[in-house]
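Working notes, beginning with the structure itself.
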Ligand code: NAD
Ligand code: MG
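In our numbering, the protein residues as written are 85 to 382.
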């Protein structure tokens with residue numbers, strides 16, 4: 085994003101407003117090969133010390149929303165461990181470089197969170213390398229659009245639930261004994277939990293489950309001084325969309341059916357993940373924070 089200190093930015097044209105080319109990749113996709121590249125705040129995000137000294141584990145931290153959050157957390161003063169799939173090493177190295185350029189520690193933990201044992205190892209590794217843990221930003225996700233339920237196979241159904249939902253149970257279970265009072269947990273739901281698309285049956289169901297999980301968890305951990313909230317994004321330009329997350333015909337005008345008439349860019353979510361991680365949001369827990377371009381949640 086161009087910095088315009090002299091002029092108030094207009095949300096209608098603050099980011100890319102054109103059509104998106106149908107340039108597909110195999111899942112999980114490499115952001116470095118995307119055209120146009122999602123804007124994760126690499127050039128624009130400015131930190132203000134809001135997470136000074138914090139220690140964050142971010143899943144899906146290589147690309148898209150997770151990358152925007154990793155950059156923002158580092159520039160706000162946190163040390164950051166990111167998880168991603170081994171195939172995404174190239175994207176992850178770029179993020180690590182940006183975290184280090186912000187003067188913070190970057191820890192790379194590749195691996196598959198649909199595996200319970202890996203989830204446990206990842207949490208322990210992050211805790212060890214960062215010498216503690218007080219933010220979990222759980223952002224990794226799987227989305228595959230299928231027009232008819234008859235074509236939705238059990239393998240996809242299982243994987244989508246394992247990655248989007250089961251991993252949250254496994255990660256939080258392992259992390260809870262390590263988290264101090266004041267720690268914050270942020271999950272990533274979707275507008276799909278509220279307005280499910282007809283080709284996203286399994287994905288939308290996982291996103292509803294994430295909201296129920298987060299709200300129940302928030303009530304369970306409140307007595308420990310730990311808060312848990314979910315973010316529910318609308319359409320954001322990311323690798324998820326061009327690796328089967330959308331039907332092909334929906335890519336060119338992706339996001340243009342919102343009141344703001346464009347897709348969001350991951351950097352436009354960074355501020356919300358920072359707010360929910362920081363003590364500024366000390367009275368906010370069990371909430372879902374929508375960032376949708378106007379097609380609101382609920
Ligand atoms: P993205 O593809 O950039 O990020 C998703 C990440 O999930 C990948 O980078 C990958 O590292 C990770 N992942 C997938 N399977 C994994 C596995 N088995 N083990 C470990 N990591 C795995 O796309 P994104 O849009 O930034 O997605 C981030 C989150 O935001 C997802 O939970 C997605 O459901 C959610 N979301 C996205 C949108 C959107 O429009 N982009 C809207 C609502 C919610
Ligand atoms: Mg990725």
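The beta-carbon is built from N, C-alpha and C at its ideal position, and this holds for glycine as well.
All of these numbers come straight from a predicted model, not from anything done at the bench.
Item, Value
"Best match in 209, 160 and 146 for proximity to residue 181 [C-alpha to C-alpha]", "146"
"Runs of alpha helix (DSSP H) wholly within the stretch 229-281 (minimum 4 residues, chain order)", "238-245 and 251-259"
"Residue 115 beta carbon near the ligand MG (any heavy atom closer than 7 Å)", "yes"
"As assigned by DSSP and simplified to three states, the class of residue 211", "helix"
"heavy atom of the ligand NAD below 7 Å from residue 297 C-beta", "no"
"Spatially closest choice to residue 165 from 298, 130 and 209, by CA coordinates", "209"
"Minimum length 3: unbroken beta strand (DSSP E) runs contained in the stretch 109-179", "139-143 and 163-168"
"Endpoints, alpha helix (DSSP H) assigned at residue 295", "285-305"
"DSSP beta-bridge partners of residue 320", "348"
"Contacting residues, own chain, Cβ-Cβ under 7 Å from residue 308 (five flanking each side not counted)", "265"
"Residue interval of the beta strand (DSSP E) (run including residue 224)", "Run containing residue 224: none; DSSP gives neither H nor E here."
"Nearest-angstrom Cα separation, counted from residue 281 out to residue 251", "23 Å"
"Three-state secondary structure assigned by DSSP to residue 442", "Look at the range of the chain in this structure, 85 to 382, and you will see that residue 442 is not part of it."
"Contact under 8 Å by Cβ, residue 148 with residue 350", "yes"
"Any non-hydrogen atom of the ligand NAD closer than 7 Å to residue 325 Cβ", "yes"
"Residue 190 - DSSP class collapsed to helix/strand/coil", "strand"
"Own chain, CB closer than 6 Å to residue 136, minus 5 neighbours either side, in chain order", "161"
"Nearest residue (CA-CA) to residue 178, options 262, 99 and 126", "126"
"Contact between the stretch 357-371 and the stretch 252-259 (3+ Cβ pairs under 8 Å)", "no"
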